[in-house]
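Trainee: In terms of numbering that gives the first Met the number 0, the sequence shown has 13 at position 14, counting the first letter as 1, and numbering is strictly consecutive.
Yeah, the Cβ is synthetic: ideal placement off N, Cα and C, and Gly gets one too.
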Amino acid sequence: MDVPAIRPAVTELRLSSFAGHRGRVLPLGPVTLLAGPSGSGKSTALRAYEALARLGAGATLGEVFPDPVGCVPEDASRDARGRRGFRIGCTADGPEGPVRLDVAVQADPELRIAGERLTARGRTLLSTALRDPGRPRVQAAWHTAGDSRVTRAPFPGDLLGTALLPLRVAGTTHGQRQVLAAAEQVVVALRSVFPCDPRPDGMRAPVAPGDGRLRRGCGNLAAVLHRTRHECARRHARLASVARAGCAGPVGEVGVEELADGTVRAVLDRGGASGAGPARATPLGRLGDGELRFLALALVLLTGPGVLAVDQAAEVPRALQSLTVLAGNLDHALDTAQLGTLLALAASVCAEGHLRLVGEVGEAAAAREVRGVTVVDLVR
Numbered sequence: 000m001d002v003p004a005i006r007p008a009v010t011e012l013r014l015s016s017f018a019g020h021r022g023r024v025l026p027l028g029p030v031t032l033l034a035g036p037s038g039s040g041k042s043t044a045l046r047a048y049e050a051l052a053r054l055g056a057g058a059t060l061g062e063v064f065p066d067p068v069g070c071v072p073e074d075a076s077r078d079a080r081g082r083r084g085f086r087i088g089c090t091a092d093g094p095e096g097p098v099r100l101d102v103a104v105q106a107d108p109e110l111r112i113a114g115e116r117l118t119a120r121g122r123t124l125l126s127t128a129l130r131d132p133g134r135p136r137v138q139a140a141w142h143t144a145g146d147s148r149v150t151r152a153p154f155p156g157d158l159l160g161t162a163l164l165p166l167r168v169a170g171t172t173h174g175q176r177q178v179l180a181a182a183e184q185v186v187v188a189l190r191s192v193f194p195c196d197p198r199p200d201g202m203r204a205p206v207a208p209g210d211g212r213l214r215r216g217c218g219n220l221a222a223v224l225h226r227t228r229h230e231c232a233r234r235h236a237r238l239a240s241v242a243r244a245g246c247a248g249p250v251g252e253v254g255v256e257e258l259a260d261g262t263v264r265a266v267l268d269r270g271g272a273s274g275a276g277p278a279r280a281t282p283l284g285r286l287g288d289g290e291l292r293f294l295a296l297a298l299v300l301l302t303g304p305g306v307l308a309v310d311q312a313a314e315v316p317r318a319l320q321s322l323t324v325l326a327g328n329l330d331h332a333l334d335t336a337q338l339g340t341l342l343a344l345a346a347s348v349c350a351e352g353h354l355r356l357v358g359e360v361g362e363a364a365a366a367r368e369v370r371g372v373t374v375v376d377l378v379r
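#1: Does the Cβ of Thr43 lie closer than 7 Å to at least one heavy atom of the ligand HEM?
#2: Against chain D, does Leu125 count as a neighbour if the rule is that its beta carbon must be under 8 Å from one of theirs?
#3: Which residue's Cα is closest to the Cα of Val63: Arg167, Glu73, Val71 and Ala52?
#4: Rounded to whole angstroms, what is the Cα-Cα separation between Thr161 and Asp268?
#5: Compute the Euclidean distance between the alpha carbons of Ser273 and Gly248, then round it to the nearest angstrom.
#6: Starting from the N-terminal side, write out each stretch of the beta strand (DSSP E) that is 3 residues or longer and does not extend beyond the segment 327-375.
#7: Just to confirm the assignment, what range does the alpha helix (DSSP H) spanning Glu290 have?
#8: Using a Cβ-Cβ cut-off of 7 Å (strictly less than) and excluding sequence neighbours within five positions of Ala128, which residues of its own chain qualify?
#9: Could you give the distance in angstroms between the alpha-carbon of Arg355 and the alpha-carbon of Ala242?
#10: Tell me, which residues are paired with Leu33 by DSSP?
#11: Specify the secondary structure class of Val199 as computed by DSSP and reduced to three states.
#12: Across which residues does DSSP place Thr143 in a beta bridge pair?
#13: Excluding sequence positions up to five away, which residues of its chain have a Cβ less than 6 Å from the Cβ of Ala280?
#14: Who does Val185 pair with in a DSSP beta bridge?
#15: Report buried or exposed for Ala119, applying the criterion of at least 16 other Cβ atoms within 10 angstroms of its Cβ.
#16: I believe Lys41 touches Leu33 by the beta-carbon criterion, under 8 Å. Please report the beta-carbon distance rounded to the nearest angstrom.
#17: In or out: Glu362 buried (at least 16 other Cβ within 10 Å) or exposed?
#18: Going along the chain, which residues of its own chain have a beta-carbon closer than 7 Å to the beta-carbon of Ala47, five neighbours each way excluded?
#19: DSSP on Ser240, reduced to helix/strand/coil?
#20: Do Ala346 and Arg370 come within 8 Å of each other at the CB atom, strictly closer than that value?
#21: Would DSSP call Cys217 helix, strand or coil?
Laid out in structure tokens, this is it:
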């Protein structure tokens, strides 16, 4: 008998009809790499995942899809009313078992949700439908199991209905509590996402200390190190150990220098690793693109939601949440040894359950040798 997962997590991404994908189902494990040549749809899949995450956090369709027509498959035909759209969905596993969310979006002639379905244990818990194209709302119906087995009400046509359910359902009947539990599981699983694509050009110059929360492009890497090196000595020591495996030359420590103008810059302290020669410090700005990306991604894996710029569900204890890192171009500028070291670190960290990784790579040969890594092959 399977034991239900404690931390809600997205275990399947469905691209029923999205950009270049049709009928695609992607299984997602603790560490999942989407592999394939250019044009196979790796980045598109990550874009769909991030879109669902933002919708789950309460963003509007317009905020999530600035170019909705670009998400419609090229060969998609218009219906009798001249409408076209796309469909995406996911499965979130957790204490309630697998819960499926599927969303149909009308992209043209105007952006709106055309339909949404939330299901668990073979029961439809929420469904919405576009009844009147002239109104900016959809008709929602959710499971009640009280005197009236279904409750109906209009929902906004530009927001995810599943994310609205905790505000609309009282939870007074067993059926309502089922709906709330399933909706909250999906929302918690979706919104705990940190999209990450380190940009070396933005990581070379000194930065102001700031709030110490790592941003998507990792341009404030030095500010985050300035904060974390004293907050968690064990993880910082582990980062230094990883740096020795992925950076050229000896590495004794990953340090931070405070400059006269109040800014900080990250450095690699040399000489301490081998004891040979005088100690010196190399600013991270002197490192190659691969080394910078390697260090940034390692830091992401070794930190958490308090350090990464991510908005998790405040009402849910962190011990009951897992954070998913979406790593675009994961292998960009990395050599085989760096990628292998990074994936081994990811497999080790993600095995603890509080972190998950979904990344894209062009070539997955090195990844297939790392235990705990799932490779999903995409083709054009």
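Mentor: With the structure as the only source:
#1: The ligand HEM is not part of the structure shown, which contains no ligands of any sort.
#2: You won't find chain D in this structure, because it holds only one protein chain.
#3: Ala52
#4: 50 Å
#5: Low local confidence applies: a pLDDT of 46 at Ser273 is under 50, so the model's placement there is unreliable, with the coordinate-based value given in what follows. In a straight line, the C-alpha of Ser273 is about 10 Å away from that of Gly248.
#6: 354-360
#7: Asp288 to Leu301
#8: Gly114, Val137 and Gln138
#9: 21 Å
#10: Glu359 and Val375
#11: In the sequence under discussion, the amino acid at residue 199 is Pro, which differs from the Val named in the question. Correct three-state label for Pro199: helix.
#12: According to DSSP, which records beta bridges pairwise, Thr143 is partnered with nothing at all.
#13: Val266 and Asp268
#14: According to DSSP, which records beta bridges pairwise, Val185 is partnered with nothing at all.
#15: buried
#16: 4 Å
#17: exposed
#18: Leu12, Leu14, Phe17 and Ile87
#19: helix
#20: yes
#21: coil
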